[in-house]
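If you're matching positions, the sequence shown starts at 414 in the numbering used here and goes up one per residue.
All residues carry an ideal CB built from backbone N, CA and C; glycine is no exception.
Working notes, structure below.
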Amino acid sequence: MKKQRDLLTYSLLWRLLSIAILAEGIYLVLDLIFSLRYRNYQIQWLWNRYLLYFVLASCIILGTHYIQRLLNIRFPWDKSVRIRFLVQFFSYTLWVLLLSTVIRNGIFKRIIYSSSMFINLDDEIIINSVATFTVLAIVSLDLGVFLLNKWRYSLVQIERFKKENIEFHLEMLKTQVNPHFLFNNLNTLSSLIYTNQDTAAEFVRQLAKVYRYVLENRTKELVTLQEELNFLQSYIYLMDLRFGNNLRIHTQLPDSLHTYAIAPLTLQMLIENAIKHNIVSQKKPFEIRIFQEQSYLIIQNPLQLKPVKEFSSQIGLKNIRSRYRFITDQAVEIIDDGIHFTVKIPLLEGNYSFTEQPAIL
């Protein structure tokens, strides 16, 4: 409560200081201009004149603050900086010129200035020009504050992405020597050696392809969907020999999508995550579908959750989301409707970079 009261006091003091500075600025600028324009005009500081400038400055600050709140809803800076700048500039200008005309002609002229002041066109142009430049300064300051906050936020985001990227690479390094994955595949291989040596030899080849792909692409931001699907075939081969008909992975993707880009190991991590948390058995065969829906790659499986949940750090899904936030504005969508678990991965096209990032070794 005290903190909220302190913030309110600070905000009020800051606003009063802004009004006082603006009033003093208008006072000095107009006095300076008219002292240069009229020989008989004397620069002097009068309380009644400053008080009326203070009223004018108060109306300007409060009015522009209200306009700013409306524009934050209708024309936010994030949507279009150019449109927001123009709309805010013209809105502020209209408000300030209206105030200047009403207050000056209704109060200033009768109370402060003689009847000979501010009646010719040149004086009107000077006053309105000062008002317009004041508005331009206020809007430019507002834009500067927005850009500064955006820059500071982007620095925080970059640091967060760097941290998450390091976490991802560490997780990738773990998958290279994942003891459970290696143990399960070695068990499968040992049984094949005694029963079917040809299949065992093919199993070793496919296992080598999986590890080669992981090693070659662990530091890349993107690979083509064709490369990811080729790798996935080797991974599916290993899973087929391990689970047999209990696991079915169906890919229904047109060839036209193969040139699109995807973050490496995305599909493998999602399939591994699905197998980890769901029952895969003869009584409950498990099916994973990979298909296209508009500009998204869909990975979907039914929910056949294990009665005892395995520990999950959620780092796989978290890092997939983080990587795509770093690469594109299109978000990864995760949907759990109680019947199916669906992940929607953006299909990237255009001039995306396939460059490598520094390896974390």
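- In the three-state DSSP reduction, Val515 falls in the helix class (H, G or I).
- Here Pro677 is buried, its C-beta having at least 16 other C-beta atoms within 10 Å.
- Around the Cβ of Tyr566, a 10 Å sphere holds fewer than 16 other Cβ atoms; the residue is exposed.
- Here the C-alpha atom of Asn732 lies approximately 56 Å from the C-alpha atom of Val442.
- In the three-state reduction of the DSSP assignment, Leu718 falls in the strand class.
- Bridge partners of Arg702 according to DSSP: His663, Gln713.
- Contact annotation: Thr664 and Ile703 have beta-carbon atoms nearer than 9 Å.
- Shortest Cα-Cα distance from Val623 to any of Phe644, Gly729, Val543 involves Phe644.
- With contacts defined by Cβ atoms closer than 9 Å, Asn597 and Arg655 form a contacting pair.
- In this structure, DSSP gives Asn600 a helical state, which the three-state scheme calls helix.
- For Ile758, the enclosing beta strand (DSSP E) starts and ends at 753-759.
- Between Glu746 and Thr755, the alpha-carbon positions lie close to 8 Å from each other.
- The C-alpha of Asn630 lies about 15 Å from the C-alpha of Tyr648.
- Per DSSP, the continuous beta strand (DSSP E) segment holding Ile747 begins and ends at 746-749.
- When secondary structure is reduced to three states using DSSP, Lys731 falls in the helix class.
- A direct Cα-to-Cα measurement between Arg573 and Arg736 gives close to 11 Å.
- For Thr608, the secondary structure class from DSSP, reduced to helix, strand or coil, is helix.
- Looking at the backbone, the Cα of Ser504 and that of Gln743 are separated by about 33 Å.
- As computed with DSSP, Ala674 is found in a beta bridge with Thr637, Leu761.
- Bridge partners of Asn691 according to DSSP: Leu718.
- If the five residues before and after Ser708 are omitted, its C-beta is found closer than 7 Å to the C-beta atoms of Pro759, Leu760, all from its own chain and listed in chain order.
- Taking the Cβ atoms as the reference, Ile551 lies roughly 48 Å from Thr632, outside the contact range of under 8 Å.
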